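> Chains as they are written, first to last, in our numbering: chain A, 10 to 333; chain B, -1 to 284; chain C, -1 to 284; chain D, 1357 to 1634; chain E, 1357 to 1634. In this text, a Cβ means the ideal position worked out from N, Cα and C, and glycines have one as well. Predicted, not measured: the structure shown is a model, and the values here were computed from it.
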Amino acid sequence: APASEPTSDTPAAQVGGLDPQPLAERTTITVNTAARVESFSPLFLAFDKGEFEKENLDIQFTELAGADALPGLGQNQIQVIATPPSGAVFNAISEGIDMRAVMPCYLENEDRWWVRKEFADKGADALKGQAVANTTGPSGSSILGLDTYLQEEGVEVKEVTVERFPPADVPQALIQGAVAAAYVPEPGARIVEESGLAVAVDTMPKNGGSSQCTYLFGPDLLDERPEVGQAFIRAVARTMRDYLSGDYKSDPQTVKDLAAALKRTEDEIKATPSLTFDPEAAFDPGLYTRLQGLWMEIGGILSYEEPLEVSDMIDERFVDALQN
Amino acid sequence: MTATQTGAYTLIRKNRVPLESRAARHRRRRRFEIALGIAVPAFLIGLWEVSAQLGWINSQFFPAPSASIIRGWEMVLEGRLTSDIADTSYRVLLGFFIGSTIGFVGGVAMGMSRIIRKALEPMLSAIYTVPKLAILPIFLTIFGFSDAPIIAIVSVTVFFYVWIYTMEAVVAIPKGYIDAASSFRVRGWAMFRHVILPASLPSVMVALRIAVGVALLVTIASEFIVGGSGVGYLIFNARSLFRLEEAYAGIVTAALLGVVMQGLITVIGHRVTPWVVRGDAKIGGL
Amino acid sequence: MTATQTGAYTLIRKNRVPLESRAARHRRRRRFEIALGIAVPAFLIGLWEVSAQLGWINSQFFPAPSASIIRGWEMVLEGRLTSDIADTSYRVLLGFFIGSTIGFVGGVAMGMSRIIRKALEPMLSAIYTVPKLAILPIFLTIFGFSDAPIIAIVSVTVFFYVWIYTMEAVVAIPKGYIDAASSFRVRGWAMFRHVILPASLPSVMVALRIAVGVALLVTIASEFIVGGSGVGYLIFNARSLFRLEEAYAGIVTAALLGVVMQGLITVIGHRVTPWVVRGDAKIGGL
Amino acid sequence: MSEQLTAAPAEGGAAGSRPKIEITDLSLTFGSGPSAVHALGPLSLTVGDGEFLSVVGPSGCGKSTLTKIIAGLIEPTGGEVKINLAGTSIAPIATVFQDYGIFPWKTVLSNVEFGLTVNGITGSEATDRAEMWIKKLGLAGFEKRYPSSLSGGMQQRVSIARALAVDPEILLMDEPFASLDAQLREILQEELIRLHETAGRTVLFVTHSLEEALVLGDRVLVLTARPGNLLDLKTVPFGRPRTAGVRESAEFGAMRLALWEHLRDQVQIGAPEAGAAK
Amino acid sequence: MSEQLTAAPAEGGAAGSRPKIEITDLSLTFGSGPSAVHALGPLSLTVGDGEFLSVVGPSGCGKSTLTKIIAGLIEPTGGEVKINLAGTSIAPIATVFQDYGIFPWKTVLSNVEFGLTVNGITGSEATDRAEMWIKKLGLAGFEKRYPSSLSGGMQQRVSIARALAVDPEILLMDEPFASLDAQLREILQEELIRLHETAGRTVLFVTHSLEEALVLGDRVLVLTARPGNLLDLKTVPFGRPRTAGVRESAEFGAMRLALWEHLRDQVQIGAPEAGAAK
Ligand SMILES: Nc1ncnc2c1ncn2[C@@H]1O[C@H](COP(=O)(O)OP(=O)(O)OP(=O)(O)O)[C@@H](O)[C@H]1O
Ligand SMILES: Nc1ncnc2c1ncn2[C@@H]1O[C@H](COP(=O)(O)OP(=O)(O)OP(=O)(O)O)[C@@H](O)[C@H]1O
Ligand SMILES: O=C([O-])O
Ligand SMILES: [Mg+2]
Ligand SMILES: [Mg+2]
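Given below as structure tokens:
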């Protein structure tokens, strides 16, 4: 059972809104992302555009694979992790380590499940007993999309083998026919599409970004310094509003800034469509419950038996405060 | 004792132990040494346990050894750990065997022939430091998604250790031994069998000891990436699910596997080099 | 030639090359060997290039070397590659220095003292095969999130290679040399300086050559995980962005860095062991 | 190596009709440039078939170098050595090295069997032959031991046994008895004389003992200080069959003294020359 | 090692008043169980201060073992050796090993300086001393060379120079001249006699040459075949100062012959005993 009481009715910040409210003193926090991918555009752009500066915040970035950063978060060496809600996070929460999702990274993106044509033609039933690939194995959030696809013909996720591959190797695994279907992360979809061997299925949850990537706070920003957490959220949300609304990639300056922030070429930025960022996006708690349910069904993922409450996983104080 | 001694003194050379009790003393010392070898890690593990129990270290992130041991035992009973150990051992040993065989043959060839050495050494030096995990896709493409790419990576990595060491060991063989054989017009296979092999064997066995450890490390690292089974997968999976007791149980399993495999190589090494006089010697009075 | 020769025959021992031209012949051979050392990898790269150009291999997954080289050169001009090389080299060399220093000291101590060896060897054998990347959180907790955890992992890994080899090299020192020094009542530091160090140095230099490669491999593997900068991060990042030319440019950079570092150790090794007679010798007529 | 096989000219004669070893203008310089050491020669010399040639000369004058050139282990830097072989022995040439050169990884028995094994003689034939020499050299009981547990003299005897076991056409011995006690030395001298006289083997025998050189040799080659040049080539007047008893004769003492005086001037303090060989 | 320091009893006498080396019931068995080799003893013997003791005995009888026990390199398995030192030398004991024991990684000069360096004598003092011995041993010009490029006899001379350079109270020499030519050997014998007679050093000198044992020694210790036991301990009647010339005397020849006969029976074929030492 979680160690701390739900805290959603305690106000995180005195004043709401998106306008800068610099902290009284200069504050440094460490933020971890697994990689510099587009999902984190607001974060890196906020840094480049001085939005954190306006909050009197100094950000230190680290790039650790998801689970490697959790101990740092729990021990207040890291203040924020941007990550999908994984089995690791749920297990850590169930261990009583105080960490909660506080804001979705984005609302929607273009990552899809791709199914090899010979299987797609025969419907979801054909995947029964087959191997499919993603970057996390069955304990990642992309199985939501797989589940939706399989549910159409009453197949359960348990009935396929979900193999984990390094992101860069997923398209190859699919094209070479090592797996029947794969969740292809940006920007690999282009290669799969060009091969013509697989088709995309549109089964990831709509407005489901919160289930695929959230900002996660640890005890430091949740309990000890919520005002710092609020300042962080404000800066990120402001960046979404000011730079990343609508089809932001149609603005050459934004493309240029993003290329710099993400250390890519402008061509690469333009190669994929704009994601949907929304400073007012709400969590879809149902997705968290569904994920937890799926993982319990598959077994061997969650180290606890009594399901966690949504309030153990999500803390909406910070986004709520933005609306005031 | 290195400065000039001043004043008269007497040195006495004598045996402090009666001859009859030498064997007994030897046995006692062996027992003591084994006990010491166990005591040191036991002490450290005990220290960790106490620290975890007393809260000196955060047992949420660094679970007490007892918890990991209990979890490990449960996994044995579930049959999971044993099957992972079997999978990993198979990959380690097959990869080690292939890699060290080719490495040894290559090392001998390059040690014995200057022209082969000069032709291949620069290229092999370069390939040696190619990050093998970065070219995993090549292996996957060639070998498909089975045990084979892991075994291939392990073989390649082991190859380099054994190759370099064997080559250097062969080059370092005292010329006197080569001469003694050459004077009987021995060359080629007979030279290898009678001189090169036994003369390099003590060094090669050390390299093999290192290499079997490397094979295990690389197998585990590969299992992190090409998941599915094995102790590496167990550790990675447990870590990425934040099941830390399980992860540490896996880590300890890896360590013990390493001890067993290294011990085996060491014992075999002593068996195949019976002529080597092993250091009962204290060096320089230490 | 090992069977009994039958029938009369004559052996002739003579120099086929006039003395005056020996130096010239030596120079010519050196040049030939260097050319050969370059030709072999050049040929293989050429083969790859042709295969990619002719579509024998899928250049989407295995881009032509020329493309990688061009991309690599662009990255140099952008200043990115050079800064990654600098970051990686710093980590490699510092980690290598720390690890090999401690490994050497530990190896000598354990080689010289039987009791230290028996006490610590089982534990070190076990820790040797602990997958270091699996205990990254421990390093992160202790060293924070800077270069330090990478350097720590590299140091620890290098330590084991140098430790085992040094220990075995010290144990293998012919007793005659120890005796010659002991007979002058030399022990401790003087024994180390005059006997242990030089007698083990040739083996230790080989171990260091292996270890600097390991240091590079481990640095790159760590940069895969603890990202941000360095050649490993470059490769990892490029791969996950499907910039395969860039990834291969990074891989080639790693290989070349390895060649340079190994070459450096080899040259230093020759410098510090001037008494070692190096194999100009052909062994057994090969 | 600088070895080249030539079919012997079909002169139809017995092997004995041609000299066994023909040394012509042989010279050797180690290294090159300023650190070169001119170690030997130019030396010209012929060793007859079945001849026992003793070689004496100051320490460092190139005796071991000469032995190694003939054994095919060092390539001469000038001149040549022609070795005419009949092809009748297990091994054409066997060498006893100054530093023994026995293999630490082989037992005494395996060491002695070595020359036989690599020449295709194995099994009990090899063992019997080896055992015979092991006994003759006083090593019985040590067959299964490794060289590291033998005394210096015992190791030297293993090396001698290894060479004698193959009954070579040419026996090259580099100070083979240096580490043996006087009694054993004399026993082995007799053994060697018998071997030479009955089997007609050609022997090149390097020694520091002038007495030994005279007791054993048909001729004694006296080398100058480094670079070793022919200082003298003395024919020993004692007939064959010969016993160690010859050393009691007055003629023996006189010859020994003559050799001694001859060599005295050669014991000098030499430094490595600058520059290559002339 | 089995070394123990005891302050000498304050008897107030000169160092010469007590024996230098007291050997009591000394014995040594290598290994244990069925493969044990009883190599030496039990042996009791006293070597006087300033005495030159020659040691002869059949190959493999334990001479090197005895030397190493006295040098403190092998722990005896029975009995003891007491070494009384005055503490007046650079190094109390120096040893010339049968296999030379010089360091391949040190140049000739550094090898010879070794005993000085580790005893605190460095810089030009060490170099001058070493240079002197290098010259005396005919190695001038080879100072900067490594041992691998020296002949066998030259390496042996480096080993001798290293021991003599520290001017030890006790000099242990194990067949030190075995690889040297007769002329050089005689020169070094004279040098050694001078050193012993003028500096009063105690010398234990293992040799296979009975002649050499007699020319040099105050007494000659004759050991039996393995396990080496005291067979005889002969006092050499030639007075001091002595020259190598004594070997021409009739008495010398007679003594040499007596030793020879005495040892003849000892040259036998020995096998390692089963079981440990008695
Ligand atoms: N390390 C060892 N292990 C077992 N036996 C040994 C060892 N060293 C010597 N021996 C045995 O001890 C005996 C005496 O050896 P030692 O070297 O003292 O003889 P030595 O009198 O010096 O002979 P030599 O004149 O041939 O040098 C020999 O029979 C030898 O086999
Ligand atoms: N590998 C080498 N490199 C350079 N010089 C060498 C080498 N081997 C021998 N020499 C030199 O060649 C000369 C002759 O050496 P060699 O061993 O033939 O002498 P030797 O007559 O056998 O002497 P000894 O009687 O002392 O054994 C010596 O002066 C030595 O310094
Ligand atoms: O190469 C190693 O991973 O040690
Ligand atoms: Mg010689
Ligand atoms: Mg001896």
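Under the assumption that V229/C contacts D82/C (Cβ atoms under 8 Å), give the Cβ distance between them as a whole number of angstroms.
Walking along the third sequence from the start, residue 229/C turns up at place 231. Walking along the third sequence from the start, residue 82/C turns up at place 84. Confirmed, about 5 Å.
> Any heavy atom of ligand 5 closer than 7 Å to the CB of K173/B?
Reading the second sequence from its first residue, position 175 is the one you call residue 173/B. Answer for K173/B: no, Cβ out of range of ligand 5.
> Using a Cβ-Cβ cut-off of less than 9 Å, give me the residues of the stretch 234 to 249 of chain C that come near chain A, in sequence order.
Cβ contacts with chain A come from F234, N235, A236, R237, S238, L239, F240, R241, L242 and A245.
> Alpha helix (DSSP H) containing I285/C: first to last residue?
Summary: the structure shown does not reach residue 285/C, with chain C confined to residues -1 through 284, and so no result is reported for it.
> How is V1635/D classed by DSSP in three states: helix, strand or coil?
Given that chain D is displayed from residue 1357 to residue 1634, the structure contains no residue 1635/D and the question cannot be resolved.
> Beta-carbon within less than 6 Å of K1634/D's beta-carbon, same chain only, minus the 5 sequence neighbours each way: which residues are those?
Looking up residue 1634/D in the fourth sequence gives position 278. At K1634/D, the pLDDT of 30 sits below 50, so the modelled position is not reliable; the number obtained from the coordinates is stated separately. If we look at K1634/D and ignore the five residues flanking it on each side, it has no Cβ neighbours.
> Let's test the definition: count the other Cβ atoms within 10 Å of the Cβ of H268/B and tell me whether it reaches 16, buried, or not, exposed.
The sequence position of residue 268/B within the second sequence is 270, counting from 1. Its Cβ having fewer than 16 others within 10 Å, H268/B is exposed.
> Report back the beta-carbon spacing between R11/C and E1499/D to the nearest angstrom; my notes put them in contact at under 8 Å.
Taking the third sequence and counting its residues from 1, the one referred to as residue 11/C is at position 13. Taking the fourth sequence and counting its residues from 1, the one referred to as residue 1499/D is at position 143. With a Cβ gap of about 35 Å, R11/C and E1499/D do not count as contacting.
> Answer yes or no: does any C-beta atom of chain E fall closer than 8 Å to that of I10/B?
For this step, residue 10/B is matched to residue 12 along the second sequence. I10/B counts as touching chain E.
> Taking Cβ positions, are S1507/E and G1416/D nearer each other than 8 Å?
Taking the fifth sequence and counting its residues from 1, one reaches residue 1507/E at position 151. Taking the fourth sequence and counting its residues from 1, one reaches residue 1416/D at position 60. Taking 8 Å as the Cβ cut-off, S1507/E and G1416/D qualify as a contacting pair.
> Residues in its own chain within less than 6 Å of P1432/E by CB, not counting five upstream and five downstream?
In the fifth sequence, the residue the question calls residue 1432/E occupies position 76. Excluding residues within five positions, the ones whose Cβ falls inside 6 Å are L1382, L1384 and I1425.
> For G226/C, which residues in chain A fall below 9 Å Cβ to Cβ?
Within the third sequence, numbered from 1, the residue matching residue 226/C stands at position 228. Going along chain A in sequence order, the residues near G226/C (Cβ under 9 Å) are F70, T71 and E72.
> Kindly say whether K1462/E, judged by its beta-carbon, lies nearer than 8 Å to any beta-carbon of chain B.
Your numbering for residue 1462/E matches position 106 in the fifth sequence. Cβ-Cβ to chain B under 8 Å: no for K1462/E.
> Would you call the CB atoms of Q84/A and T39/A closer than 8 Å?
Residue mapping note: residue 84/A aligns to position 75 of the first sequence, counting from 1. Residue mapping note: residue 39/A aligns to position 30 of the first sequence, counting from 1. Not a contact, by the Cβ cut-off of 8 Å.
> By how many angstroms is the C-alpha of S144/B removed from the C-alpha of K116/B?
What you label residue 116/B is simply residue 118 of the second sequence in a count that begins at 1. What you label residue 144/B is simply residue 146 of the second sequence in a count that begins at 1. Whole-angstrom Cα-Cα distance: 36 Å.
> Strictly by DSSP, which residues pair up with F1453/D?
In the fourth sequence, counting from the first residue as 1, residue 1453/D sits at position 97. F1453/D is bridged to Y1456/D.
> Taking 6 Å as the limit between beta carbons, can you name the residues of its chain near P1365/E, skipping five residues before and five after?
Here residue 1365/E corresponds to residue number 9 of the fifth sequence, with the count starting at 1. In this prediction, P1365/E scores a pLDDT of 41, lower than 50, which makes its location untrustworthy; no coordinate-derived value is stated.
> Rank I1430/D, N1475/D and S1410/D by C-alpha distance to the C-alpha of L1586/D and give the top, closest one.
Along the fourth sequence, read from residue 1 onward, the residue named residue 1586/D stands at position 230. Per the Cα distances, S1410/D.
> Compute the beta-carbon to beta-carbon distance between I1458/D and Q1539/D, rounded to the nearest angstrom, for a pair I have assumed lies under 8 Å.
Counted from its first residue, the fourth sequence places residue 1458/D at position 102. Counted from its first residue, the fourth sequence places residue 1539/D at position 183. Incorrect: roughly 23 Å between the Cβ atoms, too far for contact.
> Which two residues bound the contiguous alpha helix (DSSP H) that contains Y246/C?
Here residue 246/C is taken as the residue at index 248 of the third sequence, counted from 1. Counting along the chain, the alpha helix (DSSP H) containing Y246/C begins and ends at L242 to V270.
> Within its chain, find whatever has a CB closer than 7 Å to the CB of A1496/D; leave out the 5 residues flanking it on each side and keep chain order.
Your numbering for residue 1496/D matches position 140 in the fourth sequence. I1490, listed in sequence order.
> Scan the stretch 1370 to 1423 of chain E and note each continuous beta strand (DSSP E) run of 3 residues or more that stays entirely inside, going in chain order.
The stretch 1370 to 1423 of chain E contains these whole beta strand (DSSP E) runs: 1377 to 1386, 1393 to 1403 and 1408 to 1412.
> Where does G302/A land, buried or exposed, given buried means 16+ other C-beta within 10 angstroms?
For the purposes of this step, residue 302/A is taken as the residue at position 293 of the first sequence. By the neighbour-count rule (16 or more Cβ atoms within 10 Å), G302/A is not buried but exposed.
> If you draw a straight line from the C-alpha of E1407/E to the C-alpha of D1574/E, how long is it?
Here the question's residue 1407/E lines up with position 51 in the fifth sequence. Here the question's residue 1574/E lines up with position 218 in the fifth sequence. The straight-line gap from Cα to Cα measures roughly 6 Å.
> Any heavy atom of ligand 5 closer than 7 Å to the Cβ of D1588/E?
Your numbering for residue 1588/E matches position 232 in the fifth sequence. False, no ligand heavy atom lies under 7 Å from that Cβ.
> Would you mind sorting L159/A into buried or exposed? The rule is 16 or more other CB atoms within 10 Å of its CB.
What you label residue 159/A is simply residue 150 of the first sequence in a count that begins at 1. Buried, by the Cβ-count rule.
> Can the beta-carbon of I1449/D be found closer than 8 Å to that of I1549/D?
In the fourth sequence, residue 1449/D corresponds to position 93, counting from 1. In the fourth sequence, residue 1549/D corresponds to position 193, counting from 1. No, the Cβ-Cβ distance between I1449/D and I1549/D is not below 8 Å.
> CB L1566/E to CB V1412/E, shorter than 8 Å?
In the fifth sequence, residue 1566/E corresponds to position 210, counting from 1. In the fifth sequence, residue 1412/E corresponds to position 56, counting from 1. In contact: L1566/E and V1412/E (Cβ atoms closer than 8 Å).
> Three-state secondary structure (DSSP) at Y1502/D?
Residue 1502/D sits at position 146 when you count from the first residue of the fourth sequence. Coil, per DSSP.
> Figure out for me which residue from V156/B, I194/B, E166/B and W187/B has the closest Cα to the Cα of T217/B.
Residue 217/B sits at position 219 when you count from the first residue of the second sequence. Nearest of V156/B, I194/B, E166/B and W187/B to T217/B, Cα basis: V156/B.
> Report yes or no: do the stretch 204 to 222 of chain B and the stretch 158 to 170 of chain C share at least 3 C-beta pairs separated by less than 8 Å?
The stretch 204 to 222 of chain B, when compared against the stretch 158 to 170 of chain C, does touch it at the 8 Å Cβ threshold.
> The beta strand (DSSP E) spanning W123/A covers which residue range?
Numbered from 1 along the first sequence, position 114 holds the residue referred to as residue 123/A. Its beta strand (DSSP E) spans residues R121 to R125.
> Once DSSP output is grouped into helix, strand and coil, what is the label at R276/C?
Residue numbering aside, residue 276/C sits at position 278 when the third sequence is read from its first letter. Coil, per DSSP.
> So, for I171/C: in the same chain, excluding its five sequence neighbours on each side, which residues have a beta-carbon less than 6 Å away from its beta-carbon?
Along the third sequence, read from residue 1 onward, the residue named residue 171/C stands at position 173. Counting only Cβ-Cβ distances below 6 Å, and skipping sequence neighbours, we find A197.
> Three or more C-beta pairs under 8 Å: does that hold for the stretch 171 to 182 of chain A against the stretch 137 to 146 of chain A?
Yes: the two stretches touch, three or more of their Cβ pairs being nearer than 8 Å.
> Which same chain residues end up closer than 7 Å to S98/C when comparing Cβ atoms and leaving out the 5 residues on each side of it in sequence?
Residue numbering aside, residue 98/C sits at position 100 when the third sequence is read from its first letter. Hits under 7 Å: V156, V160, L206 and A209.
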